[in-house]
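> Numbering (the working numbering), first residue to last: 15 to 552.
Glycine included, every Cβ here is placed at the ideal spot set by N, Cα and C.
No experiment lies behind these values; they were computed from the predicted model shown.
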Amino acid sequence: MRIPTSLLDRIDVPAIVREELLSRNRFLPPDLVNYALHRNAPQVSDWLATTLRREIRPSRHDIILAKKAPRGSRPLPFMALEDRLLYRAVVSPLRDALPNSRVSIEYESFLKAPLEVDRCEYVLKADIAGFYQYIDHERLIDEVIAQTGDDLAVGAAVEFIQGSSGRRFGLPQMSQPSDTLADCYIDPIQRNLLRHEYPTFRYVDDFRVACTDYEHALGALELLERSAFSLGLILNDSKTLTPSVETYEQSLNTVKQAEEELFSRLEGTIEGFFLLTSGYGDQADDDRELLPWLPGLEDDEVDSAPGTAGAPNDVQVAAANHVLTMWDDDQRANVVWTSGTWAVLLRKAFAVLASDAADNGANHSMTVGLATNLLIYEPHLTHELVNYLTALGQAETDLVSKIVDEAAAKHVLSPWQLLWLAHLAGTLPISSRRTPRHVAWLQHEAEFGRHDAVAARAALALAQRQLLTVGEAHKTYERVESPHHRTVALALAAAEGRTRQQRTHDDLIDGFAASWVHSQKWGQSAARRRVVRKSKGV
Numbered sequence: 015m016r017i018p019t020s021l022l023d024r025i026d027v028p029a030i031v032r033e034e035l036l037s038r039n040r041f042l043p044p045d046l047v048n049y050a051l052h053r054n055a056p057q058v059s060d061w062l063a064t065t066l067r068r069e070i071r072p073s074r075h076d077i078i079l080a081k082k083a084p085r086g087s088r089p090l091p092f093m094a095l096e097d098r099l100l101y102r103a104v105v106s107p108l109r110d111a112l113p114n115s116r117v118s119i120e121y122e123s124f125l126k127a128p129l130e131v132d133r134c135e136y137v138l139k140a141d142i143a144g145f146y147q148y149i150d151h152e153r154l155i156d157e158v159i160a161q162t163g164d165d166l167a168v169g170a171a172v173e174f175i176q177g178s179s180g181r182r183f184g185l186p187q188m189s190q191p192s193d194t195l196a197d198c199y200i201d202p203i204q205r206n207l208l209r210h211e212y213p214t215f216r217y218v219d220d221f222r223v224a225c226t227d228y229e230h231a232l233g234a235l236e237l238l239e240r241s242a243f244s245l246g247l248i249l250n251d252s253k254t255l256t257p258s259v260e261t262y263e264q265s266l267n268t269v270k271q272a273e274e275e276l277f278s279r280l281e282g283t284i285e286g287f288f289l290l291t292s293g294y295g296d297q298a299d300d301d302r303e304l305l306p307w308l309p310g311l312e313d314d315e316v317d318s319a320p321g322t323a324g325a326p327n328d329v330q331v332a333a334a335n336h337v338l339t340m341w342d343d344d345q346r347a348n349v350v351w352t353s354g355t356w357a358v359l360l361r362k363a364f365a366v367l368a369s370d371a372a373d374n375g376a377n378h379s380m381t382v383g384l385a386t387n388l389l390i391y392e393p394h395l396t397h398e399l400v401n402y403l404t405a406l407g408q409a410e411t412d413l414v415s416k417i418v419d420e421a422a423a424k425h426v427l428s429p430w431q432l433l434w435l436a437h438l439a440g441t442l443p444i445s446s447r448r449t450p451r452h453v454a455w456l457q458h459e460a461e462f463g464r465h466d467a468v469a470a471r472a473a474l475a476l477a478q479r480q481l482l483t484v485g486e487a488h489k490t491y492e493r494v495e496s497p498h499h500r501t502v503a504l505a506l507a508a509a510e511g512r513t514r515q516q517r518t519h520d521d522l523i524d525g526f527a528a529s530w531v532h533s534q535k536w537g538q539s540a541a542r543r544r545v546v547r548k549s550k551g552v
């Protein structure tokens, strides 16, 4: 594909590069390629500007399936860096042109909105089944042109998506450009309901309609279904409900009620128990100024470690530990809570304990058995559990290393969970004790793993632990597909730097990344680390 010159003139390339390098898909481990390149953002911008002027052939993106609660999976895309930049670039002119492009609304405000409507007696709750996967490209083009009159940007975006996916429907999830396009695609449903005087509120593909009586609710449901069907979409039957306003309001307070019941014997007020946790939904997380903290990285533009900006108090920590203890023992059978309530409580507990791990990790309720049970029975929380274990591993390295040992030996974890496990293994401090059992698992995944994403991350984890040879890195690079090449290139650069071998990067971008890797302790030879320490007066 070739991008028209008139479209290129409307693309702010430096802004695109900065946004992409600071972006984060919270369902996937942090992409160290972004860390490696952000300090060379101006040079990456020049490279991208040149690339966009040439004939472009998108590579096929890869998919990994993340577990959802209570069942099902969320397909998460892996795209090569140049493809992610291209996609963001061609969609960027549409963001300001579309009238409702990702209107900022808090999820809690969305949930409470029907309660503010006069004479609301029933609330229609519904969302779209597999929304992003079933967006029809031709309908998308028609709607974007109708709203903006711009056929160049949406045409280029659709050409890219079809070239990288091989399909004429569907958008990559957890991507800001996809959010922009998806928001435009689904907006006609809400417009249709509003025209028929149904007070309608939407958060991505989640709908709430305030209804005056049950007959009104049934009419809204039929119109919602017909409107979705006209776009080639269907409602999720299991999430389509018409509760009374009293039942709906009560459902919004189930977590708070559970907290009050659970912590009634603890000192302090319920409002003080938990810190803020990550947001809801499938939209991308692009609103950041710094890259998130990761152990083992040395960089001035990385955020502070958990807890350094404000540690939780003793009551919060006690409450969080109590959640883990109750989930893991017989007390759980004495409470009647939904799986959704447990998920929220566990998410909050992980967030609190991650902020407390550096100071009091030894006093946490986490054990090897508890961690493995959480991975098996609450797989949808894997990413948040691993974020906590990443922080805990800096203070309790042996405990977390044993957790990885035990989890790696299980044969019931999905590739998505193994991806997070490999990431966790790479963040553990290098220990002088005997080689952990999970190192053999990492080596097997890097050479023979059934999913390229896991193989690439396993190779990088071995490199971070200074356990990867140049030959092993080359083997992994050759066997994985292009969306994972730059991750393995980081591992290869680390192996070359550690053994002081000649660099073998393929292009300018890999060269920038290799230079960053060689500034990290795990990418340097022992002799160079001694020189660096002396130069710093250490």
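DSSP state of L79, grouped into three classes?
Reading the sequence shown from its first residue, position 65 is the one you call residue 79. Strand at L79.
> If you scan the region 440-508 from start to end, which runs of the beta strand (DSSP E) of 3 or more residues do you find wholly inside it?
Taking only runs of at least 3 residues, no beta strand (DSSP E) segment lies wholly in the region 440-508.
> Does the count of Cβ pairs from the region 178-185 and the region 119-131 closer than 8 angstroms reach three?
As far as the Cβ criterion goes, the region 178-185 does not touch the region 119-131, which means the pair count is below three.
> How far does the beta strand (DSSP E) with C225 in it extend, from its first residue to its last?
For this step, residue 225 is matched to residue 211 along the sequence shown. It spans 220-225 - the beta strand (DSSP E) in which C225 sits, taken as one unbroken run.
> Apply the 10 Å Cβ neighbour rule to D373 and answer buried if 16 or more other Cβ atoms are within range, or exposed otherwise.
What you label residue 373 is simply residue 359 of the sequence shown in a count that begins at 1. Exposed, by the Cβ-count rule.
> Run the CB neighbour count on P443, radius 10 Å, all protein chains shown included, and call it buried at 16 or more, exposed below.
As a working note, residue 443 is residue 429 in the sequence shown. Exposed: under 16 other Cβ atoms inside 10 Å.
> With 16 other CB atoms within 10 Å as the buried threshold, where does Y228 fall?
For this step, residue 228 is matched to residue 214 along the sequence shown. Its Cβ having fewer than 16 others within 10 Å, Y228 is exposed.
> Quick check on K416: does DSSP put it in helix, strand or coil?
What you label residue 416 is simply residue 402 of the sequence shown in a count that begins at 1. Reduced to three states, the DSSP call for K416 is helix.
> Reducing DSSP to helix, strand and coil, say where L42 ends up.
As a position in the sequence shown, residue 42 is number 28, starting the count at 1. Looking at L42 - three-state DSSP - the assignment turns out to be coil, as it is neither helix nor strand.
> Beta carbon of P257, beta carbon of K139: below 9 angstroms?
Indexing the sequence shown from 1 puts residue 257 at position 243. Indexing the sequence shown from 1 puts residue 139 at position 125. Yes; because the gap between Cβ atoms is below 9 angstroms, this pair is in contact.
> In angstroms, rounded to a whole number, what distance separates the CA positions of I523 and P191?
The sequence position of residue 523 within the sequence shown is 509, counting from 1. The sequence position of residue 191 within the sequence shown is 177, counting from 1. Cα to Cα, the separation comes out at about 23 angstroms.
> For the beta strand (DSSP E) containing V350, name the first residue and the last one.
Here residue 350 refers to the residue found at position 336 of the sequence shown. Note, V350: premise wrong, no beta strand (DSSP E); not H, not E.
> Taking just the CA atoms, how far does R493 sit from W351?
Sequence index remark: in the sequence shown, residue 351 carries index 337 (1-based). Sequence index remark: in the sequence shown, residue 493 carries index 479 (1-based). Going from the Cα of W351 to the Cα of R493 covers about 46 angstroms.
> Taking just the CA atoms, how far does E461 sit from H151?
To locate residue 151, count along the sequence shown from 1; it is residue 137. To locate residue 461, count along the sequence shown from 1; it is residue 447. Answer to the nearest angstrom: the Cα atoms are 38 angstroms apart.
> S87 bridges to which residues according to DSSP?
Counting from 1 along the sequence shown, the entry for residue 87 is found at position 73. BP columns for S87 point to K81.
> Span of the alpha helix (DSSP H) holding T256?
Position 242 of the sequence shown holds residue 256. Here T256 belongs to no alpha helix (DSSP H), and DSSP marks it neither H nor E.
> According to the neighbour-count rule (16 or more other Cβ atoms, all chains shown, within 10 Å of its Cβ), is D521 buried or exposed?
Within the sequence shown, the letter at position 507 stands for residue 521. When all chains shown are included, D521 counts as exposed.
> In this structure, does DSSP put I200 in helix, strand or coil?
Within the sequence shown, numbered from 1, the residue matching residue 200 stands at position 186. I200: helix per DSSP, three-state reduction.
> Near L456, what residues of its chain come up, given a Cβ to Cβ distance below 7 angstroms and the 5 sequence neighbours on each side ignored?
The sequence position of residue 456 within the sequence shown is 442, counting from 1. Only A436, A439, A472, A475, L476 meet the Cβ criterion.
> Run the CB neighbour count on Q538, radius 10 Å, all protein chains shown included, and call it buried at 16 or more, exposed below.
Numbered from its first residue, the sequence shown carries residue 538 at position 524. Buried: at least 16 other Cβ atoms inside 10 Å.
> Who does D141 pair with in a DSSP beta bridge?
Here residue 141 corresponds to residue number 127 of the sequence shown, with the count starting at 1. DSSP output for D141 lists D220 as bridge partner(s).
> Let me make sure I understand the geometry here. Which of R361, H336, L395 has the alpha-carbon closest to that of N377?
Indexing the sequence shown from 1 puts residue 377 at position 363. Comparing Cα positions, the closest option is H336.
> Just to confirm, is the Cβ distance from T404 to D342 under 9 angstroms?
Taking the first residue of the sequence shown as 1, we reach residue 404 at position 390. Taking the first residue of the sequence shown as 1, we reach residue 342 at position 328. Contact: no.
> Report all residues from its chain with a CB closer than 8 angstroms to the CB of H9; omit the five preceding and five following residues, and keep chain order.
Because the chain here runs from 15 to 552, residue 9 falls outside it and cannot be looked at.
> Just to confirm before moving on: does the CB-CB distance between L62 and L108 stay below 9 angstroms?
Taking the first residue of the sequence shown as position 1, residue 62 is located at position 48. Taking the first residue of the sequence shown as position 1, residue 108 is located at position 94. It is not a contact, given that the beta carbons lie outside the stated cut-off.
> CA-CA distance, T322 and A371?
In the sequence shown, counting from the first residue as 1, residue 322 sits at position 308. In the sequence shown, counting from the first residue as 1, residue 371 sits at position 357. With a pLDDT of only 48 at T322, under the threshold of 50, the placement of this residue in the model should not be trusted; the figure read from the coordinates follows. Distance between the alpha carbons of T322 and A371: 11 angstroms.
> Which residue wins for smallest C-alpha separation from H230, given the options S20, L389, R67, E135?
Locating residue 230 in the sequence shown gives position 216, where the first residue counts as 1. Here the closest residue by C-alpha is E135.
> Touching or not, the region 50-60 and the region 406-413, by the rule of three or more beta carbon pairs under 8 angstroms?
Flag = no, the region 50-60 and the region 406-413 do not touch.
> What are the boundary residues of the alpha helix (DSSP H) that K126 is part of?
Position 112 of the sequence shown, counted from the first residue, corresponds to residue 126. Looking at the DSSP string, the run of the alpha helix (DSSP H) that includes K126 is 121-126.
> In angstroms, rounded to a whole number, what distance separates the CA positions of A160 and L154?
Your numbering for residue 160 matches position 146 in the sequence shown. Your numbering for residue 154 matches position 140 in the sequence shown. The straight-line gap from Cα to Cα measures roughly 10 angstroms.
> Take R71 as the anchor and find which of S179, R361, R500, T501 has the nearest alpha-carbon.
By 1-based counting over the sequence shown, the position of residue 71 is 57. Closest option to R71, Cα to Cα, is S179.
> Based on DSSP bridge pairs, tell me the residues matched to F215.
In the sequence shown, counting from the first residue as 1, residue 215 sits at position 201. Its beta-bridge partners are R222.
> How long is the line joining the alpha carbons of A528 and V349, rounded to whole angstroms?
If you number the sequence shown from 1, residue 528 lands on position 514. If you number the sequence shown from 1, residue 349 lands on position 335. Roughly 53 angstroms between the two C-alpha positions.
> For D58, tell me which candidate among E96, Y121, S106, T268 has the shortest Cα-Cα distance.
Here residue 58 refers to the residue found at position 44 of the sequence shown. Looking at the sequence itself, residue 58 is Val, so the reference to Asp does not match. For V58, the nearest C-alpha among the options comes from E96.
> So, is L290 buried or exposed, given that buried needs 16 or more other C-beta atoms within 10 angstroms?
For the purposes of this step, residue 290 is taken as residue 276 along the sequence shown, with counting starting at 1. For L290, the predicted model reports a pLDDT of 44, less than 50, meaning its position is unreliable; a value from the coordinates is still stated below. L290 is exposed by the Cβ-count criterion.
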